[in-house]
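Scroll down for the structure; my scribbles are underneath it.
Residue numbers (the numbering used here): 3 to 489.
In C-alpha cells:
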C-alpha cells in the first residue's frame with residue numbers, strides 16, 4: 003500500500019489549487035480524477051478545430067490580489083482582458099446584458115413598464131418588518147424588484163434553471179446569485195456600467211477557459227504532485243489516524259488521458275490502495291457519504307438523498323460561414339425555449355488559431371437526469387436548437403455538425419428546507435478529522451472559479467505540515483458563505 007501526505011479527489015479548480023499549494027509546501031500529493039482531462043466543468047476541449055468550454059465561463063477580475071497574481075503567473079499574456087457583450091431576452095426583445103435602464107424600458111410594454119418603475123421606486127417601503135426575512139426566492143426577489151419584474155424575468159429564469167417554482171426555492175439561492183437583490187442596487191450597477199467599462203471587464207484565457215486548469219495542473223506536477231487521470235476513488239476507509247483510498251479506473255478515460263500526454267503512475271493500479279494522512283474531496287457531498295467507511299449514519303444518508311443537483315445538456319453546433327454573431331453570451335430566461343443560455347467561445351477571446359470560416363456555438367439546456375431533454379436524441383436536440391433560434395429572433399444558424407455533452411451535478415438546488423439536510427451531512431463530515439470537503443460540489447454551492455481556488459488554498463493552508471487546523475477551516479467556511487456568484 004503506497005503512502006502519501008494528501009490525496010485530492012477531483013482535478014477541477016478547487017482540487018488543483020489545493021494540490022498545487024500543498025505540493026509547493028513540500029507535501030506528497032496525489033490527485034485522482036475519473037475524467038480524461040483536468041478541469042471538471044472548467045475544462046476545455048476541441049470541436050472542429052475550436053477550443054470550447056462546458057458552457058459559458060469567465061473570470062471576474064474583482065478577486066483577491068493573491069489569486070489574480072497566481073492566474074497571471076500561470077497564464078502570462080494568455081490571460082486576456084475582455085469586455086462583456088451579452089444580451090438578455092425580455093419578452094420578445096433582446097437588450098444589452100448587464101442591462102441598460104433605457105433598453106429595459108423599451109423592452110417592456112408601457113403598462114408593465116410603468117408598473118415596474120413604480121414598484122422599483124417603492125422598494126424601500128417593501129422591506130420586511132424587523133425580525134422578519136423572506137424565506138423563499140420568490141419573496142426575496144419580489145421584495146427587491148417588485149412583482150412585475152419578478153414575473154417577467156426572475157420567475158421563469160428560476161423555473162428553467164432549477165426546475166422548480168420560486169416559491170419552492172430557498173431565499174439563499176437569490177442571495178448567492180445576486181447579493182442583496184433590489185431594483186435600486188441593480189439600477190446602480192447599470193448606471194455604473196454605462197459610465198465605466200471597468201464593471202464590464204472580465205478575464206479569459208486565449209486557448210479556452212480550460213487553459214487555466216491545464217496550466218495549474220502542470221504547475222502542481224512541477225511542484226511534485228502526482229496526477230492520475232482516468233482513475234477515481236471507489237472507497238474511503240478511515241482508521242487509526244489515516245485514510246485508505248481504494249482505486250478504480252475508467253479504462254476509456256485512462257487510455258484517453260495517456261494519449262493526451264497526461265502521465266500516469268504505474269504503481270497506482272486499479273483495485274489497489276493508497277494510504278493518506280488526509281483526503282481532500284471535491285466530489286458531490288452525497289457521493290462522499292455513500293463511499294466512506296465507517297458509513298454515514300442513517301440521518302446523513304437520508305439527507306444526502308434529499309440534496310439535488312440540476313443537470314445540463316450542452317449542444318455544440320458547428321456553424322458554417324464565419325462568426326454567428328458578435329456577442330459572447332445570449333441569456334434566455336423565458337419559457338419559450340428549453341435553452342437558457344447560448345455562448346460563442348471564440349467571441350470570449352482573441353486567438354489567431356481560431357478559424358475564420360466557421361463558429362462553434364453552445365446551447366445550454368438545464369434538465370433533470372432521465373427527462374426528455376436528458377434522453378433526447380441528437381435529432382431531437384437539433385430540433386430544439388432550431389426552435390430556439392426561430393422563437394427568439396436569432397440569426398439563422400447553418401448546422402454543419404453537432405456534438406452533445408451531458409453533465410450531471412451542475413446547479414445545486416436550494417429547495418426550501420435544504421439547509422436542514424445539508425447541515426446533517428456537514429456535521430457528519432466535520433466529525434471525520436482526516437477528510438475535508440470543499441469546492442462547488444463538495445460544499446453544495448454555485449460558486450465561481452476563483453471562489454473554488456480560494457477554497458483549495460484555504461484547505462491546503464489549514465492542513466499545513468502537521469494536523470489539520472479545523473478551527474481555521476471553520477473560519478474560512480464562514481467567509482465562503484459570503485461569496486456572491488457572477489453570471
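Each residue gets a CB set at the ideal place from its N, CA and C atoms; glycine is no exception.
Residue nearest to residue i in terms of C-alpha spacing, selected from the options
i           : options               : result
residue 284 : 52, 480 and 445       : 445
residue 291 : 222, 230, 396 and 433 : 433
residue 226 : 473, 62, 6 and 91     : 6
residue 452 : 204, 342 and 146      : 204
residue 457 : 303, 94, 479 and 471  : 479
residue 365 : 383, 374 and 379      : 383
residue 455 : 235, 73 and 354       : 73
residue 493 : 429, 407, 251 and 449 : What the structure shows of the chain is the stretch from 3 to 489, and residue 493 is not part of that stretch, so it cannot be assessed.
residue 404 : 396, 48, 143 and 210  : 48
residue 83  : 374, 214, 208 and 147 : 208
residue 401 : 387, 410, 175 and 409 : 387
residue 96  : 483, 146, 155 and 148 : 155
residue 56  : 212, 378 and 70       : 212
residue 40  : 233, 443, 412 and 466 : 233
residue 489 : 352, 435, 179 and 11  : 179
residue 239 : 281, 79, 230 and 165  : 281
residue 370 : 389, 413, 148 and 89  : 413
residue 28  : 223, 159, 287 and 92  : 223
residue 136 : 472, 276, 418 and 468 : 418
residue 473 : 435, 484, 486 and 485 : 435
residue 38  : 169, 70, 293 and 231  : 231
Three-state secondary structure (DSSP) of residue i
i           : result
residue 309 : coil
residue 284 : coil
residue 77  : helix
residue 431 : helix
residue 240 : strand
residue 46  : strand
residue 454 : helix
residue 231 : strand
residue 326 : coil
residue 144 : helix
residue 138 : strand
residue 465 : helix
residue 198 : At residue 198, the pLDDT of 49 sits below 50, so the modelled position is not reliable and the matter cannot be decided from this model.
residue 396 : coil
residue 447 : coil
residue 172 : strand
residue 295 : strand
residue 217 : helix
residue 5   : strand
residue 19  : helix
residue 489 : coil
residue 505 : Residue 505 is absent from the structure shown; the chain starts at 3 and stops at 489.
residue 59  : coil
residue 339 : coil
residue 29  : coil
residue 36  : coil
Classification of residue i by the beta-carbon crowding that lies within 10 angstroms, buried from 16 upward
i           : result
residue 197 : Low per-residue confidence applies at residue 197: pLDDT is 45, beneath 50, and the placement is therefore not dependable, though the value from the model is reported in the following sentence. Result: exposed.
residue 113 : Bear in mind that the predicted position of residue 113 carries a pLDDT of just 47, short of 50, making it too unreliable to give a figure here.
residue 139 : buried
residue 241 : exposed
residue 339 : buried
residue 141 : buried
residue 477 : exposed
residue 295 : exposed
residue 268 : Residue confidence is low: residue 268 scores 48 on pLDDT, short of 50, so the model does not pin down where it sits. No coordinate-derived value is stated.
residue 243 : exposed
residue 79  : exposed
residue 329 : buried
Counterpart residues of residue i in DSSP-defined beta bridges
i           : result
residue 314 : 368 and 409
residue 204 : 84
residue 344 : 332 and 365
residue 484 : None, per the DSSP bridge assignment.
residue 404 : 319
residue 14  : BP columns for residue 14 are empty, so no partner.
residue 386 : Partner(s): none; residue 386 has no beta bridge.
residue 251 : 233
residue 437 : 281
residue 414 : 311
For the structure I just gave you, are there three or more beta carbon pairs, one from the region 24 to 34 and one from the region 461 to 471, closer than 8 Å? Verdict: yes, contact present.
Taking three-plus beta-carbon pairs below 8 Å as touching, is the region 316 to 324 in contact with the region 354 to 361? These segments touch.
Is it true that the region 6 to 20 meets the region 211 to 228, where meeting means three or more beta-carbon pairs spaced less than 8 Å apart? Yes, since at least three Cβ pairs between the region 6 to 20 and the region 211 to 228 fall closer than 8 Å, the two stretches touch.
If contact is defined by three or more beta carbon pairs under 8 Å, each pair taking one atom from either stretch, is the region 374 to 382 in contact with the region 54 to 73? The answer is no - the region 374 to 382 does not touch the region 54 to 73, with fewer than three Cβ pairs under 8 Å.
Does the structure place the region 416 to 428 close enough to the region 330 to 350 that three or more beta carbon pairs sit under 8 Å? The region 330 to 350 is not in contact with the region 416 to 428.
Count the C-beta pairs between the region 435 to 443 and the region 341 to 357 that are closer than 8 Å, then say yes if the count reaches three, no if not. The region 435 to 443 vs the region 341 to 357: no contact.
Taking 8 Å as the cut-off, does the region 299 to 306 touch the region 239 to 255 (at least 3 CB pairs, one atom from each stretch)? Judged by Cβ distances under 8 Å, the region 239 to 255 makes no contact with the region 299 to 306, as fewer than three pairs qualify.
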